[in-house]
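Engineer: I have a structure here, written as structure tokens, and I will follow up with some questions on it.
In structure tokens:
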């Protein structure tokens, strides 16, 4: 067929100039194990799909968005009402952000429970955890950009909480806000973080994460480690890639449906000199921290309650980041039920606090 | 009419309907065209701040037919991608790729 | 139902549908972004503007740039006392022109384009004359309007 001849000639042309034969042979030989928990292997690809949606819609929004307190809200309003399909692109960006954070939680917990962080995949896990923090940073920085009532006061509260961090709190608050108060300086540096610093950081971490996955292959559950070579497997390219593309199509269908049926609201413009409206709360993925900090008493002995709470969360995040070094059983390739139960407790804490916050604020 | 001719006619009908539908889709999208004035909030509106969300919702609901078309496209594509993946896996099980490239043999 | 013969293989059928669905999908994703990034057409701007007296005190053989909606206009008073209003956007590459009292010509400095005092292109790359506006006076000052929008003068 003429089409095949053209493709073969194109392939040959690229091979002479890029010398990609070695890479393609490696890709052809990569395999994906098939077992009862194979479905969790799709988590990473779903995250990449949402990240690509964020990048594309984010770049499109950059054409119209203006990052000053005087014009930010108006520019978002113009995007929604005066451009063609602006409402859709903005809703896609917001819904995809929420779904990306949800998928990040699922991917994090699935790899945690499957002990995918054990030897030799410690760095893969750590790069993944850092990406998780970057995704939360995206959510926090992007939330302020429309400069509406909810986002202004949520940022004020959020940076105020960051200011309670032991030892570095005052500097951290000052750095995040770009001054004493949330204002023009805050908006411009949040914008810089959101469109430049965090995307570059996430892209670099993603590259490291993907390279390490290619180097080590896909992890299998501890119980199947010994039988790994005898497990049924499918070729990664193009078999599994085609399946991943099908899943990506489903995710795109979900996010577009949500964007059209439940467009993301804009609300009122922020007015720093109005009283904080009641029921102000951060986005759903920060609710568990918000609720936990609300429940801590003002004083715990001689320590301030807020500082104890923040220290608790910092230790929690540090635990998650360094769990490969802490879980000695998994490091040796053995089952680690203690850490499985710890993961269950952490999951219950996150879900429980989130639900409690949602119900309390209704 | 023999089987080949029936199959050929069926494919032509599908292609013809698909082309018509494919030409209609841009017309549906063209609802959001230059001739329409942008939605403007009247200063006399009782709740000017909430009206942005209401206008947005009204605009979004106008595009539900396009959403249905897009979902049909996307889900069909997902189905065929998965079918192609299953096809490749089956070929591998039959050891088709050992040293040869597939040339679309009859299945 | 097993077919004894077929016009195409299942593999070809799947490949054909996959490629056509993928191209429709790509088109339906590309289309909203393309429309979103294409700016809406701006309205044509005002058809006339008013210049108050304070801004019209020009000496003979001088010119002044004034705003005509979003675009610059050029107001010239000749040595004979004739008032001329023109669109100050050069017809070559849209630079803003100015009046040179020494040569009594309108100059575009970008590519050395020259117009006479009535806006006719006389030298250099400009392909067309400058658009001429109509001037009428009223009590408050000058009313400068696009051709065809002349108002009755009040003296």
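Protein chains in written order, with the numbering used here: chain A, 1 to 362; chain B, 1 to 107; chain C, 1 to 155.
Cβ coordinates follow ideal geometry from the N, Cα and C atoms, glycine included.
Here the structure is a predicted model, which means the values were calculated and not measured.
Tell me, which residues are paired with residue 175 of chain C by DSSP?
Structural biologist: The structure shown does not extend to residue 175 of chain C, since chain C is modelled only from 1 to 155, so the question has no answer here.
Engineer: Using a Cβ-Cβ cut-off of 8 Å (strictly less than) and excluding sequence neighbours within five positions of residue 20 of chain A, which residues of its own chain qualify?
Structural biologist: Result list for residue 20 of chain A: 14, in chain order.
Engineer: So for residue 106 of chain A, helix, strand or coil by DSSP?
Structural biologist: Reduced to three states, the DSSP call for residue 106 of chain A is helix.
Engineer: Which of the three DSSP states is assigned to residue 95 of chain C in this structure?
Structural biologist: Residue state, collapsed to three classes: coil.
Engineer: So, does the CB of residue 249 of chain A fall closer than 8 Å to a CB anywhere in chain B?
Structural biologist: For residue 249 of chain A, the answer is yes, since a Cβ of chain B falls inside 8 Å of its Cβ.
Engineer: Can you tell which of A:297, A:251, A:83 has its C-alpha closest to the C-alpha of residue 70 of chain B?
Structural biologist: Of the candidates A:297, A:251, A:83, the one whose C-alpha sits nearest the C-alpha of residue 70 of chain B is A:251.
Engineer: For the beta strand (DSSP E) that contains residue 233 of chain A, what are its first and last residues?
Structural biologist: Segment 233-235, the beta strand (DSSP E) holding residue 233 of chain A.
Engineer: Counting pairs of beta carbons, one from the stretch 81-99 of chain A and one from the stretch 162-173 of chain A, are three or more of them closer than 8 Å?
Structural biologist: Verdict: no, contact absent.
Engineer: Quick one: complete beta strand (DSSP E) runs, 3+ long, within the stretch 28-89 of chain C?
Structural biologist: Listed in chain order, they are 48-52, 62-68, 71-77, 83-87.
Engineer: With DSSP as the reference, identify every bridge partner of residue 303 of chain A, one or two as the case may be.
Structural biologist: Residue 303 of chain A is bridged to A:300.
Engineer: Show which residues of chain A have a CB atom less than 8 Å away from the CB atom of residue 7 of chain C.
Structural biologist: The premise fails here: residue 7 of chain C is roughly 16 Å from chain A at the closest Cβ pair, so nothing lies under 8 Å.
Engineer: When you compare the CB positions of residue 24 of chain C and residue 73 of chain B, do they come within less than 8 Å of one another, or not?
Structural biologist: Their beta carbons are under 8 Å apart, which means residue 24 of chain C touches residue 73 of chain B by this criterion.
Engineer: Please give the ranges of any alpha helix (DSSP H) in the stretch 200-269 of chain A, keeping only runs that are unbroken, at least 4 residues long and fully inside the region.
Structural biologist: Those alpha helix (DSSP H) runs which fall completely within the stretch 200-269 of chain A and span 4+ residues are 241-261.
Engineer: Show which residues of chain C have a CB atom less than 8 Å away from the CB atom of residue 246 of chain A.
Structural biologist: Near residue 246 of chain A there are no residues of chain C at all, since even the closest Cβ is about 10 Å away, more than 8 Å.
Engineer: Could you pull out every unbroken beta strand (DSSP E) segment of at least 3 residues lying fully inside the stretch 10-54 of chain A, listed in chain order?
Structural biologist: Here the runs fully enclosed are 31-33.
Engineer: How should residue 245 of chain A be labelled, buried or exposed, when 16 other C-beta atoms within 10 angstroms of its C-beta is the threshold for buried?
Structural biologist: Buried is the call here.
Engineer: In the DSSP assignment, what are the bridge partners of residue 113 of chain C?
Structural biologist: Paired residue(s): C:108.
Engineer: Excluding the 5 residues preceding and the 5 following residue 49 of chain C in the sequence, name in chain order all residues of the same chain whose CB lies nearer than 6 Å to its CB.
Structural biologist: Hits under 6 Å: 68, 144.
Engineer: Cutting at 7 Å between CB atoms, please list the residues of its own chain near residue 54 of chain B, excluding the five before and the five after it.
Structural biologist: The answer is none, since no qualifying residue turns up.
Engineer: How is residue 40 of chain B classed by DSSP in three states: helix, strand or coil?
Structural biologist: Here residue 40 of chain B scores only 48 on pLDDT, less than 50, and its place in the model should not be relied on; the value that follows carries that caveat. In the structure shown, residue 40 of chain B sits in coil (DSSP, three-state: anything other than H, G, I, E or B).
Engineer: In terms of alpha-carbon separation, which member of C:125, C:140, C:102 lies closest to residue 108 of chain C?
Structural biologist: Looking at the Cα atoms, C:125 is the closest of the given residues.
Engineer: Let me know if residue 10 of chain B comes out buried or exposed under the rule of 16 or more other beta-carbons within 10 Å of its beta-carbon.
Structural biologist: By the 10 Å Cβ count, residue 10 of chain B comes out exposed.
Engineer: With 7 Å as the limit, tell me which residues of the stretch 11-39 of chain C have their beta carbon closer than that to any beta carbon of chain A; keep them in chain order.
Structural biologist: Listed by position, the residues of the stretch 11-39 of chain C near chain A (Cβ gap below 7 Å) are 32, 33, 35, 36, 37.
Engineer: What are the boundary residues of the alpha helix (DSSP H) that residue 156 of chain A is part of?
Structural biologist: Counting along the chain, the alpha helix (DSSP H) containing residue 156 of chain A begins and ends at 149-162.
Engineer: Determine, using beta carbons only, whether residue 242 of chain A comes closer than 8 Å to chain B.
Structural biologist: Yes - at least one Cβ of chain B is within 8 Å of the one on residue 242 of chain A.
Engineer: For residue 84 of chain B, tell me which candidate among C:18, C:142, C:22, C:6 has the shortest Cα-Cα distance.
Structural biologist: Measuring from the Cα of residue 84 of chain B, the nearest candidate turns out to be C:18.
Engineer: Shortest alpha-carbon distance to residue 291 of chain A belongs to which of A:217, A:73, A:355, A:37?
Structural biologist: When only C-alpha atoms are compared, the closest one is A:355.
Engineer: Which first and last residues belong to the beta strand (DSSP E) in which residue 332 of chain A is found?
Structural biologist: Counting along the chain, residue 332 of chain A falls outside any beta strand (DSSP E), and DSSP gives it neither H nor E.
Engineer: Does DSSP put residue 118 of chain C in a helix, a strand or coil?
Structural biologist: In the structure shown, residue 118 of chain C sits in coil (DSSP, three-state: anything other than H, G, I, E or B).
Engineer: For residue 260 of chain A, which residues in chain B fall below 7 Å Cβ to Cβ?
Structural biologist: Under the 7 Å cutoff, chain B gives 60, 63, 64, 67.
Engineer: Exposed or buried, residue 146 of chain C, counting other C-beta atoms within 10 Å across all chains shown (16 or more means buried)?
Structural biologist: Label assigned to residue 146 of chain C: buried.
Engineer: I'd like to know whether the C-beta atoms of residue 98 of chain A and residue 53 of chain A end up nearer to each other than 8 Å.
Structural biologist: Going by C-beta atoms, residue 98 of chain A is not nearer than 8 Å to residue 53 of chain A.
Engineer: Determine the chain D residues that contact residue 89 of chain B at a beta-carbon separation under 7 Å, and present them in chain order.
Structural biologist: Considering every chain present, this structure includes no chain D. Its protein chains are A, B and C.
Engineer: Going straight from the alpha carbon of residue 77 of chain A to that of residue 266 of chain A, what length do you get?
Structural biologist: Answer to the nearest angstrom: the Cα atoms are 8 Å apart.
Engineer: If the cut is a Cβ gap below 9 Å, which residues of chain C does residue 111 of chain A touch?
Structural biologist: Within 9 Å Cβ-Cβ: nothing; residue 111 of chain A doesn't reach chain C, min ~30 Å.
Engineer: Under a CB-based cut-off of 8 Å, is residue 8 of chain B close to chain C?
Structural biologist: Closer than 8 Å to some Cβ of chain C, the Cβ of residue 8 of chain B qualifies, so yes.
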